[in-house]
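There are 2 protein chains.
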Amino acid sequence: MKTIKDIAKELGVSVSTVSRALNDNPDIKKETKEKILEGIKRLNYTPNANARSLIQKKSKMVGLMLSDITDPFFSEIALGIEEVLSAEGYQVIYGNTLLNPDKEKEVLSSLLQRKIDGLIIKPGALDEELLNIVEQLDIPVVFLRKLKEYEQHLKVSSIDVNHYESAYKAVDHLINLGHDNLGFIGISKKASEGEDRLKGYINCLENQNISYSDDNIVIAGTKIEHGRKGVEKLLEKTPNLTAIFAANDLLAIGALEWLAENNYKVPEDVSVVGFENLEISSLHWIKLTTVDLPRKEIGVQSANMVVNMLSSETIKKEEVELDTTLIIRKSTGKVKYLNIN
Amino acid sequence: MKTIKDIAKELGVSVSTVSRALNDNPDIKKETKEKILEGIKRLNYTPNANARSLIQKKSKMVGLMLSDITDPFFSEIALGIEEVLSAEGYQVIYGNTLLNPDKEKEVLSSLLQRKIDGLIIKPGALDEELLNIVEQLDIPVVFLRKLKEYEQHLKVSSIDVNHYESAYKAVDHLINLGHDNLGFIGISKKASEGEDRLKGYINCLENQNISYSDDNIVIAGTKIEHGRKGVEKLLEKTPNLTAIFAANDLLAIGALEWLAENNYKVPEDVSVVGFENLEISSLHWIKLTTVDLPRKEIGVQSANMVVNMLSSETIKKEEVELDTTLIIRKSTGKVKYLNIN
DNA sequence: CTGTTAGCGCTTTCAG
DNA sequence: CTGAAAGCGCTAACAG
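Protein sequences appear in the order of chains A and S. What the first sequence shows, in the numbering used here, is residues 169 to 509, in sequence order. What the second sequence shows, in the numbering used here, is residues 169 to 509, in sequence order.
Set out below in structure tokens:
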């Protein structure tokens, strides 16, 4: 491996002169610089960023830790993050946790050893050890989700969508269509977004004086399969349901699948609204009314947050909530009042 | 930032002793090691991997350059790669190129400055400059696609699926169902996989003495939209078509969409087979017959290839082709011979 | 404008 | 078993 010393010797200058040429330092004659730059190309030299990091005390790398890059939600975020970070001269080291606390610790630890300048992370439920690590961090950190109650003291920023408002909006749409007998298919209540979406559903009903019971709420999971089971259970308990709010699109699509297979017409018999606006939700056979999340935007903004903190040399805490858009397609429609299955 | 020196001073030992404790060096008394390890925890010290890289002349980082992490094909590969690499103590630095040659150069260049130990990359068409860079590389490199004609001299490994065989298999399935009037909707011929899939289609027809004409071949693009246009064009020119092979699932789904909207029955009127087996292709309304690609496996194996080369300290060239599986669902069926639209 | 030198945080001889 | 010292490739004063 060629070093700056080799180049210096080869070109008959000192290492500092080479360094100056490399770093756009003004203290260098134009011709010398040109000569050196040419020589570097010719000799096929690549500077060692790790050595540079060592002395400059900044690595120009930021860590990205997420649960699963395979999830379209995160892959789009990851795209946005890499886009802005690379444009700013940062590299991104990425790790998947699969929500496994041990892997979370491993990834975090190796990231910190690499002396990353910043960290963007979608943590699971931070246990004491993890919480402790994050507390000690003296670099900009952005959470890709709202801070929980017991995390409020952390000096980390966060970016997320307003799950509560978004769910409220979705349910409101249903009510405006005349529905007053709704059901909810949810993801786990443990995830804060799950809780918030459920709260949005309940509060919207309450505010409009529409009665609801626990029978109309099923916590199913996150996948298509769970959506299928979810509707089935819902309709068993409340056969005259006319509208369903599913806490994510996969759940909604599963519901749609089950309804189609069981000869329910959508939206004539049952309206369905989802949450997330996956690519597939706009397919001809699905045309799901759903809440669109600005995924790439989340990525872009989170990266910008760390870049800004990095350039201003101050770690300021910021909690941003992005707005969402209700996309009305063909899976929701007006109630047919006398329709009883 | 605490350094090994601080720890040494604090604990009243030398830096080399601390280093030994950190690196499981046998030349250290058990109690000393324990004392140091305890002190490190207490003092909240994190070793600097960049300094270590500098002296050890290996960075324990590998680069991953792909076109678009958002593409489910790549995100699954990326998952597999990170899984094995992190288990082996490597970190992965990732970059998206969006097939932009300038971005490709930028990413590659910054990766090399970071002195990565290995590189996994899905390159576009390498121009001369890029080709030159890759030629100079003295680290293990794995291409996530077959080497092209003019790349054969490169000392890089590759892993890919056998696109030709896979396409052949898909078309053969159609022919076995009695179809003898087929159409092809393709992605760009410039991409080698595009070319191979087309070749598989043509050769299969030729081998079975089924006539075909250019009218039955449409190069459409890669997205749903293109699939829609693709079938339309195909049926315009050859209205009595009974089967279509689409070179990827999105194309196939687009075709399915258009067919549904135009009152063609699938598979009664037209059979459709795709390529890639996306998650959505198994949905109730789609149930696409398609070729399944072992995506995660590609990631896992590519990572294993670099790990093996790294541990054996030899760069050996290896070109692996993975097998695929034809998944028969509901979008293909026997010809109805007298059916003429 | 250019060269010399110290030293970033660490590992690795080499003595002891 | 432990410590002192050299040096990885680079940048950043400081002289000149």
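Virtual Cβ for every residue (Gly too), placed ideally from N, Cα, C.
Item	Value
Could you give the first and the last residue of the continuous beta strand (DSSP E) run that contains S:E489?	487-490
Assess, as a yes-or-no matter, whether the stretch 463-472 of chain S is touched by the stretch 464-472 of chain A under the definition of 3 or more beta carbon pairs within less than 8 Å.	no
Flag A:N264 as yes if its beta-carbon sits less than 7 Å from any beta-carbon of chain S, otherwise no.	yes
Could you list which residues in chain S have their beta carbon closer than 9 Å to that of A:E425, in chain order?	L451, H452, W453
Answer with yes or no whether the minimum CB distance from A:N212 to chain S is below 7 Å.	yes
Kindly say whether A:P435, judged by its beta-carbon, lies nearer than 7 Å to any beta-carbon of chain S.	no
So is A:T185 buried or exposed if we call it buried at 16+ other beta carbons inside 10 Å?	buried
Using three-state DSSP, classify S:I385 as helix, strand or coil.	strand
Using a Cβ-Cβ cut-off of 8 Å (strictly less than) and excluding sequence neighbours within five positions of S:L342, which residues of its own chain qualify?	L350, A411, F413, S439, V441, T500
Which residue comes first and which comes last in the beta strand (DSSP E) that contains A:F311?	309-311
Which residues, taken in chain order from the stretch 270-285 of chain S, show a beta carbon closer than 9 Å to some beta carbon of chain A?	K271, E274, V275, S277, S278, L279, L280, Q281, R282, K283
Could you give the DSSP three-state label for A:V183: helix, strand or coil?	helix
The stretch 476-495 of chain S: which residues have C-beta closer than 9 Å to a C-beta of chain A, in chain order?	none
Please check if any C-beta of chain A sits within less than 7 Å of the C-beta of S:E250.	yes
Helix or strand or just coil, what does DSSP make of S:F443?	coil
Would you list, in chain order, the members of the stretch 363-387 of chain S that have their beta-carbon closer than 9 Å to a beta-carbon of chain A?	none
Counting only runs that start and end within the stretch 190-237 of chain S, where is the beta strand (DSSP E) found for 3 or more residues in a row?	229-234
Give a yes or no on whether 7 Å exceeds the smallest Cβ distance from A:P462 to chain S.	no
Given that S:S499 touches chain A, what residues does it touch there, using C-beta distances under 8 Å?	None at all; the shortest Cβ gap to chain A is about 13 Å.
S:L247 and A:N264: beta carbons closer than 7 Å?	yes
Mind listing, in chain order, the continuous beta strand (DSSP E) runs of no fewer than 3 residues lying wholly within the stretch 456-500 of chain S?	458-460, 487-490, 493-495
In three-state DSSP terms, what is A:D328?	strand
At a Cβ cut of 9 Å, what residues of the stretch 234-249 of chain S count as close to chain A, listed as they run along the chain?	D236, I237, T238, D239, P240, F242, S243, E244, A246, L247
Can you check whether the C-beta of S:N218 is within less than 7 Å of a C-beta belonging to chain A?	yes
Please return the same chain residues whose Cβ sits closer than 8 Å to the Cβ of A:R188, not counting the five positions on each side in sequence.	D195, I196, K201
A:H331 to A:E297, Cα distance in whole Å?	28 Å
Can you list the residues of chain A that S:P194 reaches, using a CB-CB cut of under 8 Å?	The contacting residues do not exist; S:P194 stays about 22 Å from chain A at best.
Is any beta-carbon of chain S found at less than 7 Å from that of A:Q469?	no
Just to confirm, are A:V386 and A:I353 a CB contact at a threshold of 7 Å?	yes
Give the straight-line distance between the Cα atoms of S:V474 and A:L276, rounded to the nearest whole angstrom.	23 Å
Step through the CB atoms of chain A and report whether any lies within less than 7 Å of the CB of S:N172.	According to the sequence as given, residue 172 of chain S is Ile; it is not Asn. S:I172 does not count as touching chain A.
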